[in-house]
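As C-alpha cells, then:
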C-alpha cells in the first residue's frame, strides 16, 4: 500500500511539473503582453522597454523559466501586470468564494444524482426510472449558460425572488449552484444508475439473496459498495468539469471567484495571473486524481492488496 | 514416421509486473515435441498449464523466448513477409469461441470465398465455398447467413470450413468443443474424426477433457506447469497412466457408471499458481510419491520400455 | 399451454418417505410472453438426505427450476403456475421476509462461478460471520470460532488465517469451499447446487464432489445437483431428472438410468459421451434443441427423434410411471430385460 501511494505521488508531481512548463511556454509564445497592455502607437518605446525589464520579459526564455521555477519554490508567482499586486494574494482572496460555490455544487449534485440514480436502477423499467432518466437527459443536454439565463429570467426577472447577480447572501448562492448542480447531477444520476444496474446483475448479488439476506441488506452491503468503485472515478472527473463550468457560471452571475478572475485576466493578458490560475487548476486536477486513486484503492481490495 | 513439426527446447516466459517487482511466468518451459505428419496430437492439462500457449507457439501466433520450431525441416517463419504469410496459410488455429474468430459483418460464405481469393486457391470460389460448407455438414443456405444467425455448433462448423479452405498443413484445435452442449459437441467430434479420415489432417487437439482427447487423438501429451510430464499413444496414456499427475487426472475423471463412483484417492491441493514454480519437479508439492530427489532436481522426459516418454523420478529408468 | 396430466409427484415404487421438498406443476414464463413457458409442468420430490440430480443441456430450464424453488427468478420471468412445498409449507406463497428466512436457514444454495458469487469487497471472515449472526445469532468471537470450524469442515486449510482474505486471493476451488461453508452456516435441510463444479478444474471438481458426498453423509443434508455433465450426476446423485426444452422427460434412480435410458433423448445424450475404449463413431443426436421459449407443439424432442410418430408431433406426452421411473414418451426404449 505504501508503495502504491508513493508511486501515485511521484506521478502526480511529475504531472505538475509538466503542466507548469507547458503553461509557461504556451503563454510566452502566444504574444507580447506589453503590447496588449499598453497602447503601442502612443506609448514611447522607453516606457515599453521599462515594463519589459520590470517583468523580466527582456531576458532569454530559459532565464525567465528558471526565474519562474525559483519563484514557485519560494511561493511567489509573480506580480499582476495590471496593478502590480502579488498574484498569489489576488488569487487567494478569490479562492474562498469559488470554494463555497463548488462545495455547495458538489453537495447538491451528489444529493440529487446519487439517490435518483439508485432509485432508477432499483425500480428499473417503472415510472420512477423513466422520470429520472428523462430529467437527467434534459438536465444534461441544456448548456450551462442557457440554464443560467433561464433561471435569471424566471427567478430574478419574472418572479423577483432571487438577486440576478453578485454575492454575499444565501439567496445569491441559489442560482449559480443550481445551474452547475443540475447539469452535473444529471450525469451523476446516469452513471449511478448504470453502476448499480451492473452490480445488480452480478452473481454475488443473487448469491446474497440465496443466502437469506433481506433485499435492503443486499443493497446496502453487496450492491452499493461495489457500485461506488466506478462512481468515485467519475465524480473525480467532475471536479475538472466543475472548474470549467464555474468559469461560465461566475461570469453569468457576476460571482467574484477565480473563474471570473480568469476571464478578466485573459482578456487583459495579465500573464502572471493567468499562469498562476492555470497552475492552480492543474494542481487541483492532479490532487483530485490522486485522491480518486487513493479512494479507489481504499474501496477496492483488489487494488489495495496489489502490494507488488 | 516423419515429423511434420518439431519443437526443441521450446519456452515462452512472460514477464509481468513493473520494473521493481518483475515476475516471470514459465507458461511453456523447455518443451521438446514432435508432431508426425497425419497424426492428431492431444494436449491435456488443467487451466494455466500452458497448453494454449504451446498451441499458439506451434503455429507462430506467439514467439518463443527460447528454443526453436521447425516445420518439414525448415524453421518456422515469424513476423512479417511472404514466408510468414505462406506459413499462416499452412498453419491454422480453431479457437474455442467462433464468435471472436468470424467477422460479424460478413456472411459466412463471403468469408470463406475471401480466404480462397486471397490465397488464389480456387477458380470458382463460390462453388468451392459451398463444397467446403457441405464438408462440415452445412448447407449452401448457411453460407448466406451472418454469424449471429447460426447456432453455437453451426458457428464452430463454419469456422472449421473457413480453416479448411486454405488446405492447412497443421490445424490447432484449442478447446473446440468445450463451449458446446453435449449433443452438439458429439457432432463436432464426429466431424473432426471424419475430416481426419478424409483429408489426412495433421492436428493438435487441446482440451481439458480427457475422454474427448483420447477419442480424437493418436497420441496424448500431458502438461503440468508449462512442461510435458508424459507423452505416448492415446490409449496407453489413458488406460495405463505412468506419471503420478496423469494418474491423478484420470482418477478425477468421473465415471458414467454410478456403481463405480468412488474413485481412487483424490489429488490434494489446488491447481498450481503459474507464478510459483517449486524447485525440482514442479508436481512434487501435490505428488503422493514425492521423494527427496523430487524436491531438488527437475526430472527430464525419458523414454520408457513401451516407447512412452515420462518425466518422473519414481519411474524405472530409461529403457536404453 | 397444454395441460397434460402429470403423474403425482410423490408416487414411486419405493414409496418415497414423506417428502422434504415437493415441486408440482412448476411453470415459468417471461412476464412479457406468459404463453411461451421456459419451464412447463416440472414436478419432482426430494426426500430427507436424498440426492437428486437434474441434468440437461443449456436452455432446458434446469437452472431456472432451481432458482424458482427459492423464489429467485430474474425480474423478467414469472412462476405462472405450480407449487413448491417444503415439508408441506407452500414456500412460493411466503412473504418476502419469511422467504428470506427459508433461504439460507432451510435451503442453502451454491452456484457455478464461486469467485463471482462472493462479494469482492468483503473478506471471507466478514462473509461467514455475518451469515452466522443472521442465521444462528452468533456474535463476535463465537461467530469467528464457528466460521473457522465451518471452513475446517469444508476442507479449507489454515482456516483462521483465511478469514482476513478476499475472494480474489483464493483459488476457484477454495472459493467454492467457502461458498459451501456459507451455505452450511444456516444448517439447511437442503442444498441446491447449480453447476457446482463447471467452472473448476478436473482435479478440483473431484474434490468438491467428494466434499458434497461427505456433507450428505455426516449432516443428513438433502442435495439437488443441477449439471449438464452426466459424470457429475453419476457421482453425486441417487435419482436423476432429465430435462429437455423446459420439461421433465425422464426420471429414474441413477443406476437404472445409466444402465438403460428409456427416453430417446436421454439415450441420445449418453451416446454423445465419447467412450473410454475404441473409436466407434459417436451416434449423436441430430439437430439442436428448440430455441428457449419457442412455441412448441407436441413433444419438443420429436423433430430430433427417430422414433417419433404423428401423435408425437401433435400432443405433448404425459410423464407416466414405468416401473421405478417416470418417462414422458409414447415410444420409450425397451429398457432392461431383467427388471
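Chains as they are written, first to last, in the numbering used here: chain A, 17 to 324; chain B, 3 to 322; chain C, -17 to 321.
Just so you know, even glycine gets a beta-carbon here, dropped at the ideal spot from N, CA and C.
With contacts defined as CB atoms closer than 8 Å, residue 47/B and residue 53/B qualify as a contacting pair.
Where residue 245/C is concerned, there is no enclosing alpha helix (DSSP H), because DSSP gives it neither an H nor an E. Going by beta carbons, residue 274/A and residue 107/A fall inside the 8 Å limit. For residue 249/B, the uninterrupted alpha helix (DSSP H) run begins and ends at 246 to 253, by DSSP.
In the DSSP assignment, residue 238/A falls outside any alpha helix (DSSP H) and carries neither an H nor an E. For residue 294/C, the closest C-alpha among the options 313/C, 263/C and 200/C is that of 313/C. Per DSSP, the unbroken beta strand (DSSP E) holding residue 226/C starts and ends at 221 to 226. Considering only beta carbons, the part of the region 142 to 157 of chain C lying closer than 7 Å to chain B consists of 153, 155 and 156, in chain order. Against chain C, the beta carbon of residue 86/A has no neighbour under 8 Å; the closest one sits roughly 47 Å away. When beta bridges are read from the DSSP output, residue 207/B appears opposite 44/B and 175/B. The three-state secondary structure of residue 290/C, taken from DSSP, is coil.
The straight-line gap separating the alpha-carbon atoms of residue 286/B and residue 312/B is approximately 15 Å.
In terms of Cβ geometry, residue 92/C and residue 52/C do not form a close pair [threshold 8 Å]. Following the DSSP letters along the chain, one finds residue 231/B inside the beta strand (DSSP E) bounded by residues 229 to 235. C-alpha of residue 83/C to C-alpha of residue 107/C: approximately 21 Å in a straight line. Note on the region 108 to 181 of chain B: whole alpha helix (DSSP H) runs with a minimum of 4 residues are 110 to 120, 127 to 137, 142 to 145 and 154 to 167, in chain order. For a Cβ distance threshold of 8 Å, nothing in chain C lies close to residue 309/A: the least Cβ distance comes to about 17 Å. Taking 9 Å as the cut-off between beta carbons, none of the residues of the region 112 to 124 of chain C comes near chain B. Separation of the CB atoms of residue 183/C and residue 209/B is rounded to 13 Å, and the pair is thereby denied contact status at 8 Å. Residues of the region 45 to 60 of chain C with a Cβ closer than 7 Å to any Cβ of chain A, in chain order: 52 and 54. In the DSSP assignment, residue 303/C forms a beta bridge with 308/C. The criterion of a C-beta distance shorter than 8 Å is satisfied by residue 125/A and residue 204/A. Residue 229/C is classed as buried because its beta carbon has at least 16 other beta carbons within 10 Å across all chains shown.
One alpha carbon belongs to residue 133/A, the other to residue 127/A, and they sit about 10 Å apart.
In the three-state reduction of the DSSP assignment, residue 189/B falls in the helix class. In the DSSP assignment, the residues bridged to residue 91/C are 174/C. Annotated as distal: residue 102/A and residue 110/A, with beta-carbon spacing of 8 Å or more. Against chain C, the beta carbon of residue 284/B has no neighbour under 7 Å; the closest one sits roughly 15 Å away. Within 9 Å of the CB of residue 212/C, no CB atom of chain A is found; the nearest one sits about 25 Å away.
In the DSSP assignment, residue 37/B is bridged to 7/B.
Judged by beta-carbon spacing, residue 300/B lies within the 8 Å limit of residue 283/B, meaning their Cβ atoms are closer than that value. With respect to the 8 Å criterion, residue 219/C and residue 194/C are not classified as neighbours on the basis of their beta carbons. The shortest C-alpha to C-alpha distance from residue 215/A to any of 34/A, 247/A and 229/A is the one to 247/A.
In the DSSP assignment, residue 173/A falls outside any alpha helix (DSSP H), carrying neither H nor E. Ranked by Cα distance from residue 224/A, the first of 261/C, 212/C and 54/C is 54/C. With at least 16 other beta carbons inside 10 angstroms of its own, residue 227/A counts as buried.
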